[in-house]
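The structure appears right after this line, and notes come after that.
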Amino acid sequence: MELLYSICVGVLVACGVFLILRARSFPIVLGLTMLSYAVNLFLFASGRLSINQAVILGASPQHADPLPQALVLTAIVIGFAMTAFSVILAIRARADLGNDFVNVQGSNSTVKKAGSKK
Amino acid sequence: MQHLVAFPILFPLLSALLLLLPPCGKNLKIRRFASVSFAFITLLINIYLINEVLQNGITSYAIGNWQAPFGIVLTADLLAVSLTTLVSLLTLCCVLYSCAGDDARGNFFHPLVHFLLMGVSGAFLTGDLFNLFVFFEVLLIASYSLLMHAGDKHNTRAALHYVVINLVGSAVFLIALGTLYGVIGSLNIVDMAARIPKLTGDDIFIAKVGGSLLFIVFALKAALMPLHLWLPNTYATAMPVIAALFAVMTKVGIYSTIRVYNLLFAPENGALASLGQNWLWYGGLATIAIGTFGVLASQDMRKLIANLVIVSAGTLTALISLQQPQATAAALYYLLHSTLVCAALFLFADLIARQRGKVADRITTGRPVKQGFVLGFGFFLAALTVIGMPPLSGFIGKIWILKATFQQAEYMVFWPVYLISSLLILVAVTRAGSIVFWQNNPIDADKNDTQPAHPMQILATYILVFVSPLLVIFAKPITDFCLQAAMQLHQVSALTQTVGGL
């Protein structure tokens, strides 16, 4: 289970980083979302992975660590708010700047290159 | 007043909410009046809290009466309360300044400023790493919105950069926290400090990874050398009054580094002692160098001041990495002085830009500034302070920094970098000031139809500037205070006893 879990986290982080490095606003928002999913999974695992253990003392023979679950909950809420903000900002940037490139200098040359290749 | 420690966080929250409600929400005059008075009350609360901490020593407050290490504690030591006072003073001045019209250029300026104040104060006071993350997010989301205040195209792009880089930073922060919690089993900073020496085997290396990740996040917030690139553009495109307020945001990163570095990685903490010392030291020096080049290369005043903020962040980080009470005390003095003077310079840049028409704040020949004497005198004082020339607080800070580093073997590296950087800053700031104020087209002088600065703006800016002479006149008590704060910080055992439950 640990192996599968860590592979999931790793793949999510890799996808997130790749998408963020695309330097266009929509992939970046997707990348940030994936990164925050990976972070949530990672935080959850910091209390050790266990099966059939309640977070309440006495409800099961052994108990799981409740704190990471509280941390994940907080991180999810904050991540949700931040994603909402970045989506709105990306839409505003698209409207203000006329394109979805994050960098100024790269924008024109990238467009030309992409156009000429096609 | 055992609940007093929570007031610097709760009161700005309450005032921000009140500012959104009907009597303040609709009427601009009432809103301004309420905002200024709330900021003033927050400042008074903070001063009262300093007084309490001076008399009773470190005070800790368990939120909801959940004792440490299970609940979240707020810890008010001298370092934390002096910084919350600093930020509330800065907020008061910025709110005063904005009342001259900047606050009406977008929505919700005043509530957002108070939310920012709440986040920054919370980050200073909290004794729990996860809670620190939460307050970081509070101050960041307020700062995102403030950055967009009255924004145009350039502003949107700078905001996009700032938001993306900070969201990535938050993700790294959470990973660092998860790593540390996984091996140490606690998130209360004092409790963690007590548990770290007991780590064994592979856990030590995992904790090192977690600690290093934490430093990366703090370096991002503090704008250290490879991670400083977001700062100049963000600060130069934000509205100047907001940039002035942001002058304290890099200090949040610096403060978090001080806290974590001196508690979790204190010299007596076994395998993790002084983790990342070299990185902080050379990172700080490189930041001073790159910031100085930025200052020299700046074409307009706001970029120049943004680079000065980077230089101050570098100086502070290099000082912190020494882990000496003298150096930390010097850093605290320098921090108080540099935050206020950089804020004042941002406000002066704004006033100057408004009176020069199209040239705005670019460092070129243009029409003369309308209120040449008032602005020139203030700018002169602020420039002297930021360079570190004798009569003002920059000089005392500089001497103290040099003296504190002289006791270390590393002064052979630090002194040349710091002194050459000061010289170059002197050249750049002098050039900027003389070109803007003296090198102008006298023909345009009578055609200057710009509005003179509002008295409120002049008042707010001068309050910030005149803190510098005050820091000199009361140098003895203030340096004693800084030393006392540094001693408190370096005596981890005293903190452990106060936080209790351990």
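Chains G and C supply the protein sequences, listed in that same order.
For our numbering, add 3 to where a residue sits in the first sequence, where the first one is 1.
For our numbering, add 2 to where a residue sits in the second sequence, where the first one is 1.
Don't be surprised by glycine CBs; every beta carbon is placed ideally from N, CA and C.
For the alpha helix (DSSP H) containing C:SER424, list its first residue and its last residue.
-> Counted from its first residue, the second sequence places residue 424 of chain C at position 422. Note, C:SER424: alpha helix (DSSP H), 413-439.
Does DSSP classify C:ASP482 as helix, strand or coil?
-> On the second sequence, position 480 is the one that residue 482 of chain C refers to. Collapsing the DSSP output to three states places C:ASP482 in a helix.
Going by the beta-carbon positions, is the gap between C:ALA240 and C:ALA160 smaller than 9 Å?
-> Your numbering for residue 240 of chain C matches position 238 in the second sequence. Your numbering for residue 160 of chain C matches position 158 in the second sequence. Going by C-beta atoms, C:ALA240 is nearer than 9 Å to C:ALA160.
DSSP puts C:ARG364 in a beta bridge; with which residues?
-> Within the second sequence, residue 364 of chain C is the residue found at index 362, counting from 1. C:ASP302.
Kindly indicate which three-state DSSP category G:GLY118 falls into: helix, strand or coil?
-> Taking the first residue of the first sequence as position 1, residue 118 of chain G is located at position 115. Any reading at G:GLY118 needs caution, since the residue's pLDDT is 42, under 50, leaving its predicted position unreliable; the model's value is listed next. Three-state DSSP puts G:GLY118 in a helix.
For C:VAL75, the three-state DSSP class (helix, strand or coil) = As a working mapping, residue 75 of chain C is identified with position 73 in the second sequence. It is a strand residue.
To the nearest angstrom, report how far apart C:LEU289 and C:LEU337 are at their CA atoms.
-> For the purposes of this step, residue 289 of chain C is identified with residue 287 of the second sequence, where counting begins at 1. For the purposes of this step, residue 337 of chain C is identified with residue 335 of the second sequence, where counting begins at 1. As written in the sequence, residue 289 of chain C is Thr, which differs from the Leu given in the question. Taking the straight line joining both Cα atoms gives about 16 Å.
Can you tell me which of the three DSSP states C:THR463 falls into?
-> For this step, residue 463 of chain C is matched to residue 461 along the second sequence. Residue state, collapsed to three classes: helix.
For C:HIS151, which of helix, strand or coil comes out of DSSP?
-> Position 149 of the second sequence holds residue 151 of chain C. Three-state DSSP puts C:HIS151 in coil, outside helix and strand.
From C:GLN357 to C:VAL97, what does the alpha carbon distance come to, in whole angstroms?
-> As a first step, residue 357 of chain C must be located in the second sequence, where it is residue number 355. As a first step, residue 97 of chain C must be located in the second sequence, where it is residue number 95. About 21 Å.
Does the beta-carbon distance from C:THR181 to C:LEU215 come in below 9 Å?
-> To locate residue 181 of chain C, count along the second sequence from 1; it is residue 179. To locate residue 215 of chain C, count along the second sequence from 1; it is residue 213. Yes, the Cβ-Cβ distance between C:THR181 and C:LEU215 is below 9 Å.
C:VAL192 CB to nearest chain G CB: under 9 Å?
-> Sequence index remark: in the second sequence, residue 192 of chain C carries index 190 (1-based). It does not; no Cβ of chain G falls within 9 Å.
How would you label C:THR366, buried or exposed, when you count the other beta carbons within 10 angstroms and need 16 or more for buried?
-> For the purposes of this step, residue 366 of chain C is taken as the residue at position 364 of the second sequence. The residue in question, C:THR366, is exposed, as its Cβ has fewer than 16 Cβ neighbours within 10 Å.
What residues in its chain sit with their C-beta under 6 Å from that of C:ALA462, if we drop five residues either side in the sequence?
-> Looking up residue 462 of chain C in the second sequence gives position 460. Same-chain partners within the cutoff: CYS95, LEU98, TYR99.
Alpha helix (DSSP H) segment containing C:ALA209, residue limits | Here residue 209 of chain C is taken as the residue at index 207 of the second sequence, counted from 1. Note, C:ALA209: alpha helix (DSSP H), 204-224.
Check the Cβ of C:PHE132 against every Cβ in chain G and list those closer than 7 Å, keeping chain order.
-> In the second sequence, the residue the question calls residue 132 of chain C occupies position 130. Within 7 Å Cβ-Cβ: LEU74.
For C:THR481, which option in C:ALA221, C:THR44, C:ALA8, C:LEU334 has the closest C-alpha, if you only look at C-alpha atoms?
-> In the second sequence, residue 481 of chain C corresponds to position 479, counting from 1. Comparing Cα positions, the closest option is C:LEU334.
Within-9 Å CB hit, C:GLY316 to chain G = Counting from one through the second sequence, the residue named residue 316 of chain C turns up at place 314. No, no contact with chain G.
Determine the burial state of C:ASN264: buried for a count of at least 16 other Cβ atoms within 10 Å of its Cβ, exposed for fewer.
-> Position 262 of the second sequence, counting from 1, holds the residue named residue 264 of chain C. Answer is buried; the Cβ neighbour count reaches 16.
According to a CB-to-CB cut-off of less than 9 Å, which residues of the segment 42-55 of chain G neighbour chain C?
-> Residues passing the 9 Å Cβ filter: VAL42, ASN43, PHE45, LEU46, PHE47, ALA48, SER49, GLY50, ARG51.
Taking only beta-carbon atoms, is C:GLY180 less than 9 Å away from chain G?
-> Position 178 of the second sequence, counted from the first residue, corresponds to residue 180 of chain C. Yes, contact with chain G.
List the residues that DSSP assigns as beta-bridge partners of C:ASP62.
-> Your numbering for residue 62 of chain C matches position 60 in the second sequence. Rather than Asp, the amino acid found at residue 62 of chain C in this sequence is Ser. Bridge partners of C:SER62: C:THR77.
Would a check of beta-carbon distances place C:ARG107 closer than 9 Å to chain G?
-> The residue you call residue 107 of chain C lines up with position 105 of the second sequence. No, its Cβ sits nowhere closer than 9 Å to a Cβ of chain G.
Who does C:ASP130 pair with in a DSSP beta bridge?
-> For this step, residue 130 of chain C is matched to residue 128 along the second sequence. Paired residue(s): C:ASN190.
Residue from C:THR452, C:VAL55, C:SER323 with nearest C-alpha to C:GLN373 | What you label residue 373 of chain C is simply residue 371 of the second sequence in a count that begins at 1. Checking every option, the nearest Cα to that of C:GLN373 belongs to C:THR452.
For C:SER470, which residues from the same chain have a beta carbon less than 8 Å from its beta carbon, with the 5 sequence-adjacent residues on both sides left out?
-> Taking the second sequence and counting its residues from 1, the one referred to as residue 470 of chain C is at position 468. Excluding sequence neighbours, C:SER470 sits near HIS339, LEU342, VAL343, LEU383, ALA384, THR387, LEU394, SER395, GLY396.
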